[in-house]
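Chains as they are written, first to last, in our numbering: chain R, 1 to 344; chain W, 345 to 688.
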């Protein structure tokens, strides 16, 4: 576990998308966020107190979260400089970048000298096994998407909280860097060696016997030509009894692939269900989450209602309208025979 | 390229499956195989002259191929000992094991001192990019399977040779360790970081403009709960105009998963075509390859004929009966609009 409270790093970033990891941590773990660190040229803010490294450490911050994404996940000189300053001030450092903190000799030496820790959250667990698809007990929900970055993580966390608010045992299972920093654990499935994708998810959400839910964050899309392999392995490893499909209406093309349209929502859901049946024969759809943050609220409400009618499933924007209709449906579901199986 | 001729390693193995890489190299590159190395307790042979390390080097062998698979792809002390002896005798060493030769300090030091090379063929290329699915010129065929280890590599190599025998330009594109050692190049797609599966295959079989074929080795199966993510990424990256499906009749369960039956051949083919259409909308099936090595030849012939009638596609055992019926079909195919496209 990464020791809280946190100082969230914005650095010199002027691109709101580049700070999405820091923003996610601020949104979902506000109680653990003491402040933000930004240089003078950074025009962005998360609305937290702006603190220097020593100032933050003196106020009790235990870890600097390097929650930004540079080009190609690189760890540039300015980030190394600031991470070193955090260590010198007495804080641990956590990062979800592709380049690892521990591979920087200066940071490794500083951390060792001060008995502080470097957390590279994209590191896969060392003891991964290949998946088996054998039935395992426990109730599992997986979010899937028409595309990357359509709001799967926000939907997943909100669904896990919604279940808990209604008295169910439920845990968010993170599969990407931001989710891992929010949850304090998880597997960055995009960084796992290809043979171990489904096995990593079986390990992330093992059998459980408390009638509670593992609410698993999806990645990518079966319809994304770059990442569908990750999405399929995740789908098989999750062995979910319920899928929730996520979409961002109005997106002009698949992320990063100009010219490629998004799949139809109903077809995308059907293909996900079909593929999921390999390891979860009774899987069903529990709802639809739309990211309508770019829409007028009234239009967003109308779109949710129309989508609900068209697909026959509860449809909501989890941030704008909450997830109650989906939680209602989940709580009414008869547990699948799989979810209460003890056969291994 | 790994310098030939080769000395093929059998070591102390008594398990025919454990030497499948050495056997594959002997089967498909006999002209490059000078001999086999085995200890006295090894009861297996590939029918090649048995040579010691110095003897092989003196006869002109330039590389020892460590073509065996121990438990978990491990590089045990006995293999290290023998690899060191090969280096001392003046040969390079090549291995497809998960554990890397270069991570063994003794081997690394010996190779450097003698200006010899260590080839870890499972290493992914350093410069992988994520896939895009953009149309690229060239004709591509991919083998897919009902399961792992049903004969996809043998079928793929035989198809590439069959095309060349009929005057077509055709290249075998290897995606596993044995295929890479046979081809002298390729990408071990099971060892690639998950985000790069389809991108690695786009790089392995880039656009070509000579009207020739890239004949791409498939891996795993869309129906294998351990490895389907690899198979799907490979399918999307291959952007094939023709699929050939491979099966081993009579297999009791999916490899490594007791209790899980193999998919129906026709359904498996249909699902592969459906998934392949994401990046190759005009993809079609070109034939069926059955591995009937465990069957009586007359029964094998009858099964091929019956399967051909049932699925309406040429069906053969590539090793027992050759691949002429599939080559006939491929040579009659109108190139898809994609295969002659120059749009990027």
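We treat Cβ as the ideally placed atom computed from N, Cα and C, and that holds for glycine.
Remember, predicted model here, so these are calculated numbers, not experimental data.
- Residue contact with chain R for residue 622(W): present (Cβ-Cβ distance below 8 Å to some residue of chain R).
- Taking C-beta atoms as the reference points, residue 366(W) and residue 412(W) count as a pair closer than 8 Å.
- Burial state of residue 209(R) is exposed, judged by a 10 Å Cβ sphere holding fewer than 16 other Cβ atoms.
- Residues of chain R with a Cβ closer than 7 Å to the Cβ of residue 464(W) do not exist; the shortest Cβ-Cβ separation is about 14 Å.
- The alpha-carbon separation between residue 49(R) and residue 30(R) amounts to approximately 12 Å.
- About 7 Å separates the Cβ atoms of residue 567(W) and residue 490(W), confirming a contact at the 8 Å cut-off.
- The beta carbon of residue 597(W) sits closer than 8 Å to the beta carbons of 603, 604, 605, 606 from its chain, once the five residues preceding and following it are set aside; these are given in chain order.
- For residue 220(R), same chain residues with a beta-carbon under 6 Å away, outside a window of 5 residues either side, are 148, 227, 230, 231 in chain order.
- The DSSP-derived three-state label of residue 540(W) is helix.
- Contact of residue 193(R) with chain W is assigned, a C-beta pair being separated by under 8 Å.
- Within the stretch 249-261 of chain R, those residues whose Cβ lies closer than 9 Å to any Cβ of chain W are, in chain order, 254, 256, 257, 259, 260.
- For residue 670(W), same chain residues with a beta-carbon under 7 Å away, outside a window of 5 residues either side, are 503, 588, 630, 631, 658, 660 in chain order.
- The closest CA to that of residue 89(R), considering only 190(R), 308(R), 53(R), 8(R), is found on 53(R).
- In chain order, 194 make up the part of chain R whose C-beta sits under 7 Å from the C-beta of residue 533(W).
- Distance from the CA of residue 498(W) to the CA of residue 94(R), rounded to the nearest whole angstrom, comes to 47 Å.
- With contacts defined by Cβ atoms closer than 8 Å, residue 538(W) and residue 192(R) form a contacting pair.
- One alpha carbon belongs to residue 551(W), the other to residue 515(W), and they sit about 13 Å apart.
- Close partners of residue 574(W) in chain R (Cβ separation under 7 Å): 194, 195, 229.
- The Cβ-Cβ distance between residue 12(R) and residue 41(R) falls below 8 Å.
- Partner residues in the beta bridge of residue 515(W), as assigned by DSSP, are 558(W).
- Residues of the same chain with a CB within less than 8 Å of the CB of residue 4(R), apart from the 5 flanking positions on each side, are 29, 32, 62, 63 in chain order.
- Taking a Cβ-Cβ cut-off of 7 Å, the neighbours of residue 223(R) in chain W comprise 622, given in sequence order.
- Residues of chain W whose Cβ lies closer than 8 Å to the Cβ of residue 199(R) are, in chain order, 570.
- Distance between residue 268(R) and residue 187(R), taken at the CA atoms: about 25 Å.
- Rounded to whole angstroms, the separation of the alpha carbons of residue 189(R) and residue 569(W) is 16 Å.
- Inclusion of residue 185(R) and residue 139(R) in the CB contact set at 8 Å is not warranted, their separation being larger than that value.
- For residue 672(W), the uninterrupted alpha helix (DSSP H) run begins and ends at 668-676, by DSSP.
- DSSP, reduced to helix, strand and coil, places residue 359(W) outside both helices and strands of the structure shown, so it counts as coil.
- When the alpha-carbon of residue 196(R) is set against those of 256(R), 130(R), 217(R), 109(R), the nearest one is in 130(R).
- It is roughly 39 Å from the alpha-carbon of residue 617(W) to the alpha-carbon of residue 182(R).
- CA-CA distance, residue 282(R) to residue 241(R), rounds to 7 Å.
- Between residue 462(W) and residue 441(W), the C-beta spacing is not below 8 Å.
- Taken atom to atom, the span from the alpha-carbon of residue 622(W) to that of residue 403(W) is near 52 Å.
- Going by DSSP, residue 307(R) is part of the alpha helix (DSSP H) stretching over 297-311.
- When secondary structure is reduced to three states using DSSP, residue 589(W) falls in the strand class.
- Residues of chain R whose Cβ lies closer than 7 Å to the Cβ of residue 475(W) are, in chain order, 225, 226.
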